[in-house]
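Asks:
Residue numbers (my numbering), protein chains in the order written: chain A, 1 to 313; chain B, 1 to 534.
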């Protein structure tokens, strides 16, 4: 097992190298000039040219890429073109809210989606099933920013139960941090809940039709045990796969959700960096995201072995 | 229905009531020792000498101080300076610093710091460059005295050292001011009333300013006014929350999570106007929407075509279409080339913008000027809330006068790069784009980048207008304000001949704030007068 993990991690290195080259190339080709943005609307061409020289933006692609890779190998992601802050420090500043948001979203989504998916399958073709499906289709179809604005209006502006924006760091206490992320987590999770509930229902329907379920019922096993112990466990592989691939969805969704709720996370850092063409920051964040994907996929593979003993590496 | 319409609808319909006070967001800090503020943009550059952006200048006035300042009527007063003496031949200015000035690192402000700061700033700023151009020597006579020896009289010296609206003549420690003017400073150490808490700074999210206990306000008899007078820090802490989404910002203000928004999105003005806990305030100096031409490429390398367009653009229609008739209090048509509240403003030639529009006549004149149907590429930044509709309205006027218009949508970052190209439009260049010139930068012809006519060295568009350049120099040499005003009248007349750009109207930045916040300065967010009840 350990050698498998080590092999997977080693195999991730060329993947990340390719991602780095691809992103660097895309940024190089994309229109937009950080020097022009930095110099401001009323700068002259001479001002902008001076900044380009100072930032070494006129260097050819191989030199810029080579310099970046060389710094990276020394553990240096470089400095933001705009703030002059180390990119690594900027990313570290933003990790907490994004990770907590993703974690809360996963918890909320899985906690809600699995039971309703199971219930829908159990009560197949009843009004309960149809209600769950309507809910799932709605939550899957409505964009998370619309859900976000709606939640902010109801629970933030009208009821005043929760803040409409911002993030309270965990250093101020776990509850304030969690409280500031409840609305964003529900908004971000809305799409995910729908997706996961549908997958759970479909897989459960298949499993509930299996012989061993009929046998369990015949021998008088409790329905709750049949559903959650025998059947759900055998649905776990596709569900875990969906959860894993959903992390990608969460990262993408976090960009929108963090903007709507003004959360200082990696998503907003990415958007800001892209809008102002802050190349070192974009490259650093994308590299981190690609590493996260690799790790999540690895974790999903490991979880398969936990839920399905037949799978061995 | 787009998301803004959706939110507006939601905000206007009261469906739910408050039920559970125990869930309520934390109340405002007692006694309002802390101001929570949403600036107009993210603070990502910490050098007010290096950057001209408004947000950096606002930050600069919190953290740094200047030798001179302007009051609200734009009269110049000593600020860090105690006063000055001028020799009889007007070639030697000796400025004495106030006693007790110190930087945020605890070191005293010395004359040598001022010399280094002025030298660096003079290489970045138009007014500063004009000043350094006539300086023979600038030296520190002693710790509290600096002296300018000039090659020729420069009556605008105090005004120049009070410059506001472009690069700030911020005084910083000599070791920091020795940074190359082409590079940004790395430390944020000024001598202003607030210290920048860099350790709490999260670029793109939050900037924190803490009251600097070592700041010694002036003891002038007059109240603080714009950048002059005693700068008093009423708040222990000012927190800037960067919230780029206009609807989230408006909701945060309504929920009492923040105290003030610098720039309320036009879509949300009606919603906030209807909220009894919120007040709206247009800033006194408007910004100016302008249509800028590429003077190097046809058809706008032909001044006759540019002049013809003066008859076609309807400032009222464009402002109304862009910002809405319901927000008419916040925009104004009939503006010329100088800010209406500037001492240099003039009505000479304004009829070019205020007389009845004549699109037909403009079309005839364009045809007579030899327009051959060349494609006119209009750069359209769709990610800026006001620029996009304004560009579409302006493009519509261009179409109506018979121009072959090609609107190309892009984000602002792409536009900023594209507009640097001097090539023809079919080789990656451009013909027209719209932007805003900040009102502060339109106060005089020296800082007014849109009026430069120095060809390839001018602002993008690169007009060549020797007479405008000549008048600019005359303005700098003018002995008094009356003469300067006269020259500005000439400049406005000349601008209507050269047409480096066409102003499309003025619009104020509208700030929104909780009703407990009082004594806000009208010009720009300077925070020295502001207080708030707890």
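Even glycine gets a Cβ: it sits at the ideal position worked out from N, Cα and C.
Determine the DSSP secondary structure at residue 518/B, reduced to helix, strand or coil.
Replies: strand
Asks: Against residue 435/B, what residues of chain A qualify as contacts under a CB-to-CB distance less than 7 Å, listed in chain order?
Replies: Simply 41.
Asks: Can you give me the C-alpha to C-alpha distance between residue 348/B and residue 385/B, rounded to a whole angstrom?
Replies: 32 Å
Asks: To test your reading of the DSSP string, which unbroken beta strand (DSSP E) runs of 3 or more residues are found completely within the segment 177-219 of chain B?
Replies: 194-196 and 206-211
Asks: CB-CB under 8 Å to residue 443/B, same chain, minus the five flanking residues each way: which ones, in chain order?
Replies: 74, 165, 338, 339, 342, 343 and 344
Asks: Going straight from the alpha carbon of residue 415/B to that of residue 300/B, what length do you get?
Replies: 19 Å
Asks: Would you kindly work out how many angstroms separate the C-alpha atoms of residue 96/B and residue 136/B, rounded to a whole number?
Replies: 19 Å
Asks: Return the first residue and the last residue of the alpha helix (DSSP H) that residue 524/B is part of.
Replies: Per DSSP, residue 524/B belongs to no alpha helix (DSSP H) and is neither H nor E.
Asks: From this set, 238/B, 103/B and 92/B, which residue's C-alpha is nearest residue 32/B's C-alpha?
Replies: 238/B
Asks: Would residue 324/B count as contacting chain A if we go by Cβ distances under 7 Å?
Replies: no
Asks: Just to make sure I have the definition right: I need the residues of chain A whose C-beta is within less than 7 Å of the C-beta of residue 457/B. Which are they?
Replies: 44 and 46
Asks: According to DSSP, is residue 442/B helix, strand or coil?
Replies: helix
Asks: Are the beta-carbon atoms belonging to residue 245/B and residue 126/A less than 7 Å from one another?
Replies: Taking the C-beta atoms as reference points, residue 126/A is found no nearer than 7 Å to residue 245/B.
Asks: Along the alpha helix (DSSP H) that carries residue 484/B, what are the first and last residues, could you check?
Replies: 481-498
Asks: Excluding sequence positions up to five away, which residues of its chain have a Cβ less than 8 Å from the Cβ of residue 5/A?
Replies: 298 and 302
Asks: Taking 7 Å as the threshold (beta carbon to beta carbon), is residue 29/B in contact with chain A?
Replies: Per-residue confidence for residue 29/B stands at a pLDDT of 41, beneath the threshold of 50, marking its modelled position as unreliable; the derived number appears in the next sentence. For residue 29/B, the answer is no, since every Cβ of chain A falls outside 7 Å of its Cβ.
Asks: Could you list the residues in the segment 417-445 of chain B with a C-beta less than 9 Å from some C-beta on chain A, going in chain order?
Replies: 417, 418, 419, 420, 422, 435, 436, 437, 438 and 441
Asks: At a Cβ threshold of 7 Å, is residue 88/A touching chain B?
Replies: no
Asks: What residues in the segment 168-192 of chain B bring their beta carbon closer than 7 Å to a beta carbon of chain A?
Replies: The segment 168-192 of chain B vs chain A, Cβ under 7 Å: 182, 183, 184 and 186.
Asks: Identify every residue that forms a DSSP beta bridge with residue 501/B.
Replies: 292/B
Asks: Shortest alpha-carbon distance to residue 209/B belongs to which of 217/B, 200/B and 183/B?
Replies: For the set 217/B, 200/B and 183/B, the Cα lying nearest the Cα of residue 209/B is the one of 200/B.
Asks: Is the CB of residue 327/B under 7 Å away from at least one CB in chain A?
Replies: no
Asks: Closest to residue 121/B by C-alpha separation, out of 72/B, 94/B, 99/B and 182/B, would be which residue?
Replies: 182/B
Asks: DSSP state of residue 234/A, grouped into three classes?
Replies: Residue 234/A: helix per DSSP, three-state reduction.
Asks: Is there a Cβ from chain A that is less than 7 Å from the Cβ of residue 264/B?
Replies: no
Asks: Does any CB atom of chain A fall closer than 7 Å to the CB of residue 202/B?
Replies: yes
Asks: Alpha carbon to alpha carbon, how far is residue 157/A from residue 279/A?
Replies: 37 Å
Asks: Can you give the beta carbon distance from residue 205/B to residue 242/B, rounded, assuming they're within the 8 Å contact cut?
Replies: The beta-carbon distance between residue 205/B and residue 242/B, rounded to whole angstroms, is 5 Å. This is short enough to meet the 8 Å contact definition.
Asks: Enumerate, from N- to C-terminal direction, the unbroken alpha helix (DSSP H) stretches of 4 or more residues contained entirely within the segment 58-104 of chain A.
Replies: 61-73
Asks: Since residue 139/B is in the alpha helix (DSSP H), which residue starts that stretch and which ends it?
Replies: Unbroken run through residue 139/B is the beta strand (DSSP E), 135-142; no alpha helix (DSSP H).
Asks: Using only CA atoms, which one of 42/B, 427/B and 252/B lies nearest to residue 278/B?
Replies: 252/B
Asks: How big is the Cα-Cα spacing for residue 171/B and residue 270/B?
Replies: In this structure, the straight-line span from the alpha carbon of residue 171/B to that of residue 270/B is close to 42 Å.
Asks: Taking the beta strand (DSSP E) that residue 147/B falls in, what are its first and last residues?
Replies: 145-150
Asks: Taking 8 Å as the threshold, find out whether the segment 347-362 of chain B comes into contact with the segment 449-462 of chain B through three or more Cβ pairs.
Replies: no
Asks: Select from 361/B, 359/B, 336/B and 52/B the residue whose C-alpha is nearest the C-alpha of residue 353/B.
Replies: For residue 353/B, the nearest C-alpha among the options comes from 336/B.
Asks: Return the first residue and the last residue of the alpha helix (DSSP H) that residue 306/B is part of.
Replies: The continuous alpha helix (DSSP H) containing residue 306/B extends over residues 303-310.
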